[in-house]
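J.:
Residue numbers (the numbering used here): 41 to 399.
Here is the structure:
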């Protein structure tokens, strides 16, 4: 990695809570992480493990037990507050809900580090605030009160405020915590896009473009979104923090460490999370494409081990008849058709119960 591309360095950091009466409560010790230009970094870990504590240490809101956080090789403490506000912006988990505060006015607050001591906004500040709203698709909401918009819209506005602040580094604590599934994906995809495209001048080479993007760090519980959108994951385990591309963490079996002592695992071949299930019966399946894939998932959920069909076990055949899909259950000489996976599943459940009752 090009050192000039290394905006953030976390060196031998110990985080936790200092105490005058007793020994320090150290959550994590000897943390070494990096953040680079044009990177979206997902901080992933279970509830209460210390994600927010790490973020507060990174942005200087909480004192580390030991070690250092460097931005452009300078410790956080060496920056004047006004200088640091031009370098790093932060979105907390707290929901902003202020009566009579317009969306545009909230976004424009991001420009105050760039104003003089009177705090008066100049035309350039207003232009940048307008542009920030455009970038997150919220221009039409500029005159609305902040307490009149949805959680997803409010989160976009908070991101717009950081864009108006025009910092090289953006840190967000659980930006998708209160959002529904579509909004979760849209927000994180937006962050990915902003990390690559924001403030890139025309005519840059590929190498220059790699050094021109923003460094965006966000904490999340949603590992699936992190895998799909993040360039790098900081994975908080019980006793260490490991960083790497999602794909490397998967291939090296590191990602599965987060599921220790659970019934959940990550299937490297299928790229999906799977519950560890005990298969009690074999069943054959004939078919192809997406209908085969989703039928197989349903059968595995019911506790079947899905195999290629043979005469010694029950078989299911998927085929299209008159432009509609049919599922045919073949049990010896008996054949029965079903119009949906749900109908097939109900029938198999009833059969299983009857078999148990006969025992």
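Every residue, glycine too, gets a C-beta built ideally from N, C-alpha and C.
1) Around the C-beta of residue 42, are 16 or more other C-beta atoms found within 10 angstroms, so that it is buried, or is it exposed?
2) What's the call for residue 104, buried or exposed, on a 16-neighbour Cβ count within 10 Å?
3) Taking 8 Å as the cut-off, does the region 216-232 touch the region 45-54 (at least 3 CB pairs, one atom from each stretch)?
4) When DSSP labels each residue in this structure, what does residue 255 get in the three-state scheme?
5) Looking at the unbroken beta strand (DSSP E) that takes in residue 276, where does it start and where does it end?
6) Tell me whether residue 374 sits in a helix, a strand or coil according to DSSP, three-state version.
7) Would residue 212 be called buried (16 or more neighbouring beta carbons within 10 Å of its own) or exposed?
8) Can you find at least 3 beta carbon pairs, one from the region 66-85 and one from the region 267-274, that sit closer than 8 Å?
9) With a floor of 3 residues, list each beta strand (DSSP E) that falls wholly inside the region 92-147, ordered by position along the chain.
10) Go through its chain and collect everything with a Cβ distance to residue 223's Cβ below 6 Å, but skip five positions before and after it.
11) By Cβ distance below 6 Å, which residues in the same chain neighbour residue 102 in space, the five residues on each side in sequence not counted?
12) For residue 130, I'd like the list of residues in its chain whose CB is within less than 6 Å of its CB, leaving aside the five on either flank, ordered along the chain.
13) Please return the same chain residues whose Cβ sits closer than 6 Å to the Cβ of residue 239, not counting the five positions on each side in sequence.
14) Three or more beta-carbon pairs under 8 Å between the region 338-357 and the region 310-322, yes or no?
15) Would you mind giving the Cβ-Cβ distance between residue 148 and residue 204, rounded to the nearest angstrom? I have them listed as a contact below 8 Å.
16) State buried or exposed for residue 375, treating a residue as buried only when at least 16 other CB atoms are found within 10 Å of its CB.
17) Buried or exposed: residue 257, going by 16 or more other Cβ atoms within 10 Å of its Cβ?
18) Per DSSP, residue 315 is paired with what?
19) Provide the residue span of the beta strand (DSSP E) that contains residue 53, from first to last.
T.: According to the data block:
1) The residue you call residue 42 lines up with position 2 of the chain shown. In this predicted model, residue 42 has a pLDDT of only 48, less than 50, meaning its place in the structure is not dependable; the value taken from the coordinates is given anyway. The residue is exposed, with fewer than 16 neighbouring Cβ atoms inside 10 Å.
2) Locating residue 104 in the chain shown gives position 64, where the first residue counts as 1. The residue in question, residue 104, is buried, as its Cβ has 16 or more Cβ neighbours within 10 Å.
3) no
4) Reading the chain shown from its first residue, position 215 is the one you call residue 255. In the structure shown, residue 255 sits in a strand (DSSP, three-state: E or B).
5) Taking the chain shown and counting its residues from 1, the one referred to as residue 276 is at position 236. Here the beta strand (DSSP E) through residue 276 covers 272-276.
6) In the chain shown, counting from the first residue as 1, residue 374 sits at position 334. DSSP places residue 374 in strand when its eight states are reduced to three.
7) The residue given as residue 212 occupies position 172 in the chain shown. Buried, by the Cβ-count rule.
8) yes
9) With a minimum length of 3 residues, the continuous beta strand (DSSP E) runs that stay inside the region 92-147 are 106-111 and 128-131.
10) One-based indexing of the chain shown puts residue 223 at position 183. Excluding sequence neighbours, residue 223 sits near 192.
11) Here the question's residue 102 lines up with position 62 in the chain shown. Spatial neighbours of residue 102 in its own chain (CB-CB distance under 6 Å, excluding positions within 5 residues in sequence) are listed in chain order as 96.
12) Here residue 130 is taken as the residue at index 90 of the chain shown, counted from 1. Hits under 6 Å: 99 and 211.
13) Numbered from its first residue, the chain shown carries residue 239 at position 199. Only weak support exists for where residue 239 lies, its pLDDT of 48 falling under 50; the coordinates are left without a value.
14) yes
15) Taking the chain shown and counting its residues from 1, one reaches residue 148 at position 108. Taking the chain shown and counting its residues from 1, one reaches residue 204 at position 164. Indeed, because the Cβ distance is near 7 Å, the residues count as touching under 8 Å.
16) By 1-based counting over the chain shown, the position of residue 375 is 335. Classification for residue 375: exposed.
17) For the purposes of this step, residue 257 is taken as residue 217 along the chain shown, with counting starting at 1. Label assigned to residue 257: buried.
18) Residue 315 sits at position 275 when you count from the first residue of the chain shown. The partner list for residue 315 (beta bridge, DSSP) reads 304.
19) For the purposes of this step, residue 53 is identified with residue 13 of the chain shown, where counting begins at 1. Per DSSP, residue 53 belongs to the beta strand (DSSP E) from 46-57.
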